[in-house]
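Numbering (the numbering used here), first residue to last: 2 to 92.
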């Protein structure tokens with residue numbers, strides 16, 4: 002998980018964070034898929050970092066976690082659409 006840098010910006014996630022759990026499943030396909038997903042998330046966060054200050058990100062995700070508990074997949078889609086629109090505004 003990303004942390005706060007001294008400037009209040011997000012720092013990149015630790016490269017091996019969370020990789021041990023899928024590896025314990027003993028499935029090379031699962032381990033590879035998890036690694037690929039992790040790389041995609043790291044790339045997404047790299048682009049998102051320039052658009053978020055840590056307090057705003059914390060507030061947004063606090064609201065998102067509450068929302069996903071009540072709205073489920075609809076909240077996830079809305080959250081990801083918001084980020085996609087932030088990174089690539091619709092024409």
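Note that beta-carbon positions come from the ideal geometry of N, C-alpha and C, so glycine has one too. None of these values were measured; they are calculated from a predicted model.
If the criterion is Cβ atoms closer than 7 Å, does the pair residue i and residue j meet it?
i          : j          : result
residue 80 : residue 65 : yes
residue 88 : residue 48 : yes
To the nearest angstrom, how far is it from the Cα of residue i to the Cα of residue j?
i          : j          : result
residue 63 : residue 28 : 33 Å
residue 4  : residue 51 : Only weak support exists for where residue 4 lies, its pLDDT of 48 falling under 50; the value from the coordinates is given anyway. Computed Cα separation, rounded: 14 Å.
residue 23 : residue 57 : 31 Å
residue 76 : residue 70 : 9 Å
residue 54 : residue 32 : 32 Å
residue 26 : residue 35 : 11 Å
residue 68 : residue 30 : 32 Å
residue 60 : residue 37 : 28 Å
Cβ of residue i less than 7 Å from any chain D Cβ?
i          : result
residue 85 : Chain labels in this structure do not include chain D; a single protein chain is all it has.
Hey, out of the options, whose CA is closest to residue i's CA?
i          : options        : result
residue 85 : 37, 46, 35, 22 : 46
Could you tell me which whole alpha helix (DSSP H) segments of length 4 or greater appear in the stretch 26 to 76? 29 to 50, 55 to 72
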